[in-house]
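Protein chains in written order, with this note's numbering: chain A, 2 to 113; chain B, 11 to 125.
These notes are about the structure you will find just below.
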């Protein structure tokens with residue numbers, strides 16, 4: 002199985018400051034189609050996960066452009082340019098290139 | 011508005027069976043690839059199973075941890091996807107989410123396996 006290593010485990014950020022989360026996969030996430038099925042999800046307290054980004058860098062509808070995704074092959078990053086209170090929760094990376102799909106262990110974003 | 015509503019969870023003894031249902035609306039279900047994902051009490055997310063659409067011969071895929079015990083199926087006439095869970099183990103205890111392409115998620119249903 003593809004192992005997704007997510008860091009840091011937790012992140013304490015002041016409102017208005019940037020945040021960055023790393024996700025590294027144990028093998029390339031480039032699929033046979035040439036696409037890279039790397040997603041970022043946010044789970045707010047008491048809610049279901051919500052996808053923010055797919056195909057490494059594409060924002061889902063309604064997701065503010067404060068969020069951005071980048072990376073390739075095995076090394077990926079989620080960045081928030083200016084953290085807002087609504088951004089708090091646990092962020093997960095998910096690879097959908099290889100079965101079984103696998104998640105990172107999560108990064109908890111808290112307010113400083 | 012897209013909606014996914016899971017039902018069928020509960021408390022069950024080890025070795026027993028349970029069937030989860032996910033009723034959907036708001037998108038073209040017959041073309042959708044559907045997944046079940048679970049979240050353990052320790053909050054770790056684990057992908058469980060996927061079923062593709064008719065054009066992909068309703069192909070199914072499973073996590074190794076549930077292969078041979080769980081079966082994913084669908085009824086396009088009811089816009090619903092199912093997860094039949096047999097030979098349940100305590101480690102299957104989790105919140106089970108139904109998802110449409112990982113984009114849309116249900117509210118989840120709790121399954122507790124305990125004697």
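Every residue, glycine too, gets a C-beta built ideally from N, C-alpha and C.
Fair warning: this is a prediction, and the values are worked out from it, not measured in the lab.
Residues that residue i contacts on chain B, provided the C-beta gap is smaller than 8 Å
i, result
"residue 34 of chain A", "Here the premise fails: no neighbours, minimum Cβ distance about 14 Å."
"residue 77 of chain A", "Correct list: empty, because the minimum Cβ distance to chain B is about 16 Å."
"residue 51 of chain A", "115"
"residue 61 of chain A", "113"
Proximity winner among the options, relative to residue i (alpha-carbon distances)
i, options, result
"residue 126 of chain B", "A:91, A:56, A:110", "Residue 126 of chain B lies beyond the range of chain B shown here (11 to 125); nothing can be said about it."
"residue 98 of chain B", "B:125, B:113, B:15, B:90", "B:125"
"residue 23 of chain B", "B:64, B:95, B:36", "B:95"
"residue 40 of chain B", "B:63, B:120, B:91", "B:63"
"residue 94 of chain A", "A:73, A:62, A:103", "A:103"
"residue 101 of chain B", "B:61, B:121, B:83, B:109", "B:121"
"residue 19 of chain B", "B:67, B:108, B:28", "B:28"
"residue 67 of chain B", "B:77, B:56, B:83", "B:83"
"residue 34 of chain A", "A:99, A:85, A:77", "A:99"
"residue 26 of chain A", "A:97, A:111, A:81", "A:97"
"residue 58 of chain B", "B:65, B:46, B:69", "B:46"
"residue 16 of chain A", "A:108, A:83, A:106", "A:83"
"residue 58 of chain A", "A:48, A:69, A:65", "A:69"
"residue 80 of chain A", "A:38, A:14, A:46, A:62", "A:14"
"residue 72 of chain A", "A:66, A:51, A:31, A:53", "A:31"
"residue 86 of chain A", "A:101, A:76, A:67", "A:67"
"residue 111 of chain A", "A:101, A:105, A:88", "A:88"
"residue 112 of chain B", "B:37, B:38, B:34, B:43", "B:43"
"residue 70 of chain B", "B:93, B:123, B:15, B:32", "B:93"
"residue 79 of chain B", "B:13, B:21, B:26, B:119", "B:26"
Cβ-heavy atom distance, residue i to the ligand PLP, below 7 Å
i, result
"residue 39 of chain B", "Among the ligands in the structure shown, none appear at all, so the ligand PLP cannot be discussed."
Three-way DSSP call (helix, strand, coil) for residue i in this model
i, result
"residue 87 of chain B", "helix"
"residue 100 of chain B", "helix"
"residue 65 of chain B", "helix"
"residue 39 of chain B", "helix"
"residue 76 of chain A", "strand"
"residue 106 of chain A", "coil"
"residue 59 of chain B", "strand"
"residue 73 of chain B", "coil"
"residue 80 of chain B", "strand"
"residue 98 of chain A", "coil"
"residue 53 of chain B", "coil"
"residue 43 of chain A", "strand"
Neighbouring residues, chain A, relative to residue i (Cβ below 9 Å)
i, result
"residue 74 of chain B", "2, 101"
"residue 127 of chain B", "Residue coverage of chain B in this structure runs from 11 to 125, which leaves residue 127 of chain B outside it and unanswerable."
"residue 46 of chain B", "In chain order: nothing, as chain A lies at least about 11 Å away."
"residue 18 of chain B", "Per Cβ cutoff of 9 Å: no residues; residue 18 of chain B is ~17 Å from chain A at best."
"residue 36 of chain B", "Ordered by position in chain A, no residue passes the 9 Å Cβ test against residue 36 of chain B, which lies about 14 Å from the chain."
"residue 57 of chain B", "95, 97, 100, 101, 102, 103, 104"
Bridge-paired residues (DSSP) for residue i
i, result
"residue 55 of chain A", "A:59"
"residue 110 of chain B", "B:44, B:114"
"residue 68 of chain A", "A:81"
"residue 89 of chain A", "Answer is none; residue 89 of chain A lacks a bridge partner."
"residue 13 of chain A", "A:111"
"residue 20 of chain B", "B:121"
"residue 8 of chain A", "A:23"
"residue 94 of chain B", "B:29, B:81"
"residue 30 of chain A", "The partner list for residue 30 of chain A (beta bridge, DSSP) is empty, contrary to what the question assumes."
"residue 15 of chain B", "B:33"
Neighbour list for residue i in chain A, Cβ cutoff strictly below 7 Å
i, result
"residue 54 of chain B", "106"
"residue 118 of chain B", "49"
Partners in chain B for residue i, counting only beta-carbon separations shorter than 7 Å
i, result
"residue 95 of chain A", "112"
Chain-ordered chain A contacts of residue i [CB-CB under 8 Å]
i, result
"residue 71 of chain B", "100, 101"
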